[in-house]
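Number of protein chains: 2
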Amino acid sequence: MTYCVAMRVDEGLVFLADTRTNAGVDHVSTFRKMTVFEQPGERVLVLLTAGNLALTQSVAQILAEPTEPDHPTLWNVPNMFEAACLVGKAVREVHKMHAEALHDFSIEFNCSFLLGGQIQGQGVRLFQIYAAGNFIEASTMNPYFQIGEAKYGKPILDRVLTPDMPLDEAAKCALISMDSTLRSNVSVGLPLDLLVYEKDSLRVTKFALIDHDNEYFDMIHTSWGARLRQVFAEIPDPQWTPVSALPPGRSPMRSDPPLAPGHGPYKPVHEPALAQTLAQSQGGQPEPD
Amino acid sequence: MTYCVAMRVDEGLVFLADTRTNAGVDHVSTFRKMTVFEQPGERVLVLLTAGNLALTQSVAQILAEPTEPDHPTLWNVPNMFEAACLVGKAVREVHKMHAEALHDFSIEFNCSFLLGGQIQGQGVRLFQIYAAGNFIEASTMNPYFQIGEAKYGKPILDRVLTPDMPLDEAAKCALISMDSTLRSNVSVGLPLDLLVYEKDSLRVTKFALIDHDNEYFDMIHTSWGARLRQVFAEIPDPQWTPVSALPPGRSPMRSDPPLAPGHGPYKPVHEPALAQTLAQSQGGQPEPD
């Protein structure tokens with residue numbers, strides 16, 4: 009499996025990719041899923057890939073060194089939209105080469121791509137390209153894309169990421185999202201490729217290969233979990249109140265559990281039942297603290 | 009889609025299920041996925057279901073009112089292990105009835121179950137039963153099971169849930185896990201069935217149907233998100249230091265980004281590059297605060 013996330017915020021782009029691949033749990037390897045096309049002062053394009061490694065490596069290769077030498081590449085394509093089209097075309101070319109043979113082995117044509125960057129004189133853009141070669145672009149309404157094992161790391165993105173977030177804060181958000189994914193899925197693993205692209209810099213100024221010895225990621229890993237547990241402890245538990253203790257006129261919001269058929273009607277308990285109110289306020293708002 | 013989570017802690021069991029079903033986004037309905045077998049003083053068994061609703065309803069029906077009247081049911085099965093076996097048998101019976109016809113319509117035989125509870129004189133147990141009818145049991149090493157849309161809500165469980173957690177705190181944990189799922193997947197929806205089973209009570213004392221008007225869940229929804237953003241803000245951002253600013257002898261942990269082939273070797277930038285060190289400490293530990 010793989011987890012890659014890319015973000016487009018006002019100040020630039022953040023790219024983060026793990027490096028674990030597996031062909032079954034007894035065949036785990038390390039491959040980089042980030043490919044950088046940097047022409048300092050002219051362009052920085054970053055490609056992240058997920059899916060079948062043989063397919064994604066073929067696509068990356070075609071985008072850098074096409075079989076026909078006069079074909080466009082990500083090194084010379086004139087704008088980001090054309091760059092996304094080119095990735096789509098490369099995926100279709102690889103599909104033509106391999107899909108049928110893979111199908112004979114019941115292997116799915118499974119690959120997806122994130123492409124972001126900037127070309128001199130143009131804006132910063134970020135795209136997600138599907139296995140069919142079609143693609144979508146990130147916007148202020150949806151400032152990030154994920155590919156691979158996306159779900160564990162999505163809640164934190166949905167809760168905190170906004171387009172006006174400073175770049176390094178967005179990088180922190182990506183790393184926390186990755187940390188949640190690493191915690192819950194062993195098929196995603198260190199080291200990580202982190203690239204933070206500062207808008208209009210047209211060069212790679214901030215890049216780190218993050219491994220077990222990276223103190224910042226280790227701090228994130230430790231303190232995010234600890235803080236989460238602390239916040240969790242501070243939120244009050246639900247309360248359950250006996251019906252008799254409710255103020256008069258206060259409906260206990262009681263509802264019966266969904267009982268199975270086959271055993272006659274619900275038999276009430278001898279003692280007065282608890283009002284199953286789950287801390288509905290009894291006259292006032294519950295205190296979050 | 010569906011999200012159900014069940015937990016076995018020292019003090020008892022927690023069951024939480026959403027109620028949204030969909031057959032495509034233009035066909036969304038509300039069905040309860042919890043079925044309670046309560047014989048006060050003798051047994052409380054709770055079944056949670058996910059997957060194809062026609063299948064899971066058939067299974068629940070067979071477990072309550074079998075077609076052969078002398079067959080065992082969850083109302084009379086003598087112990088929890090037999091109860092889990094019975095769910096497995098019911099799934100296989102439904103498979104025999106429907107799988108072939110579903111296959112003709114390219115519909116997968118997709119269903120899964122959580123079954124937990126207690127029968128008088130015995131311990132509290134929790135099982136997950138698969139579509140094939142086989143099953144596993146929760147343990148202190150793995151005190152919870154999820155079915156349906158499990159991934160968004162898994163990180164918080166992995167980080168905070170322990171078997172010695174008090175019951176109501178575990179219920180809070182389940183609700184936060186559900187809140188993350190609701191936030192990231194619209195196919196999971198309110199109202200929620202929450203049942204908290206207190207060990208040895210042998211009756212349902214704590215049950216709530218949680219809808220938009222539930223103040224406690226609303227508080228969780230609001231304050232968890234707000235606190236998460238606050239904790240996020242308190243964790244320091246990564247730092248990037250110019251190589252020249254590093255103390256002598258300190259390796260900058262620099263690594264080059266994974267450049268695409270096809271354009272000659274990496275061309276260094278004119279100005280002295282940043283050491284892409286990502287807040288590696290420069291002699292001391294980084295401060296988490």
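Residue numbers (the working numbering), protein chains in the order written: chain A, 9 to 297; chain B, 9 to 297. Glycine included, each C-beta is placed from N, C-alpha and C at the ideal position.
Classify residue i as buried or exposed, calling it buried when 16 or more other Cβ atoms lie within 10 Å of its own Cβ.
i              : result
S114 (chain A) : exposed
K104 (chain A) : exposed
E19 (chain B)  : buried
Q288 (chain B) : For Q288 (chain B), the predicted structure reports a pLDDT of 44, less than 50, and the residue's modelled location is therefore unreliable. A value from the coordinates is still provided. Label assigned to Q288 (chain B): buried.
E279 (chain B) : At E279 (chain B), the pLDDT of 49 sits below 50, so the modelled position is not reliable; the number obtained from the coordinates is stated separately. Per the 10 Å Cβ criterion, exposed.
N142 (chain B) : exposed
R237 (chain A) : exposed
R28 (chain A)  : buried
I144 (chain A) : exposed
Q60 (chain B)  : Gln is not the amino acid found at residue 60 (chain B); the sequence shown has Asn there. So N60 (chain B) ends up on the buried side.
M149 (chain B) : exposed
P276 (chain A) : Annotation note: pLDDT 49 at P276 (chain A) (below 50); position unreliable, coordinate value reported separately. Classification for P276 (chain A): exposed.
V302 (chain B) : Because chain B is modelled from 9 through 297, residue 302 (chain B) falls outside the range shown and cannot be assessed.
S120 (chain B) : buried
T57 (chain A)  : buried
T230 (chain A) : exposed
T75 (chain A)  : exposed
G291 (chain B) : Interpretation of G291 (chain B) is limited by its pLDDT of 39, a score under 50 that renders its predicted location unreliable; the figure taken from the coordinates is listed afterwards. Result: exposed.
S185 (chain A) : buried
F215 (chain A) : buried
T10 (chain A)  : buried
V33 (chain A)  : exposed
F39 (chain B)  : exposed
N131 (chain A) : The sequence given here has Gly at residue 131 (chain A), not Asn. The residue is exposed, with fewer than 16 neighbouring Cβ atoms inside 10 Å.
V36 (chain B)  : exposed
P199 (chain A) : buried
Could you spell out the range, first to last residue, of the beta strand (DSSP E) harbouring residue i?
i              : result
G233 (chain B) : Counting along the chain, G233 (chain B) falls outside any beta strand (DSSP E), though it belongs to the alpha helix (DSSP H) covering 223 to 242.
A14 (chain B)  : 11 to 17
Taking the DSSP output, what are the residues bridged to residue i?
i              : result
V132 (chain A) : A:Q126
Q47 (chain A)  : A:R51
I137 (chain A) : A:F121, A:F143
S37 (chain A)  : A:T29
K214 (chain A) : A:V204
C7 (chain B)   : This structure cannot speak to residue 7 (chain B), because chain B is shown only from 9 to 297.
M42 (chain B)  : B:L56
V22 (chain B)  : B:M15, B:V204
Q154 (chain A) : A:V13
L198 (chain B) : Answer by DSSP bridge pairing: none, since L198 (chain B) is not bridged.
L267 (chain A) : B:V44
What residue does the alpha helix (DSSP H) around residue i start on, and which one ends it?
i              : result
A179 (chain B) : 175 to 192
I115 (chain B) : Run containing I115 (chain B): none; DSSP gives neither H nor E here.
A303 (chain A) : What the structure shows of chain A is the stretch from 9 to 297, and residue 303 (chain A) is not part of that stretch, so it cannot be assessed.
V168 (chain B) : 162 to 168
Using a Cβ-Cβ cut-off of 7 Å, state whether residue i counts as contacting chain D.
i              : result
E206 (chain A) : As a matter of chain content, chain D is missing from the structure shown, whose protein chains are A and B.
With three or more C-beta pairs closer than 8 Å as the rule, is the segment 192 to 211 of chain B touching the segment 41 to 59 of chain B? yes
At a cut of 8 Å, does the segment 188 to 203 of chain B reach the segment 156 to 171 of chain A through at least three beta carbon pairs? yes
Between the segment 117 to 135 of chain B and the segment 70 to 90 of chain B, can you find at least three pairs of beta-carbon atoms closer than 8 Å? yes
Closer than 9 Å, Cβ to any Cβ of chain A: which residues of the segment 57 to 73 of chain B, in chain order? A68, Q69, L71, A72, E73
Got a sec: which bits of the segment 15 to 46 of chain B sit with their beta carbon under 7 Å from any beta carbon on chain A, in order along the chain? R40, M42, T43, V44, F45, E46
Short of 9 Å Cβ to Cβ, which residues in the segment 228 to 243 of chain B face chain A? I228, T230, S231, W232, G233, A234, R235, L236, R237, Q238, V239, F240, A241, E242, I243
Beta carbons nearer than 8 Å to chain A: which residues of the segment 206 to 220 of chain B have them? R211, V212, T213, K214, F215, A216, L217, I218
Tell me which residues of the segment 132 to 161 of chain A have at least one Cβ-Cβ distance to chain B shorter than 9 Å, keeping chain order. E157, A158, K159, Y160, G161
Any chance the segment 170 to 189 of chain B sits against the segment 239 to 250 of chain A, with 3 or more Cβ pairs inside 8 Å? yes
Going along the segment 186 to 199 of chain A in order, which residues come within less than 7 Å of chain B, judged by CB to CB distance? S188, R191, S192
Would you call the segment 64 to 80 of chain B and the segment 216 to 236 of chain B in contact, with 3 or more CB pairs under 8 Å? no
Check each residue of the segment 78 to 107 of chain B: if its Cβ is closer than 8 Å to any Cβ of chain A, include it; give the result in chain order. T81, L82, W83
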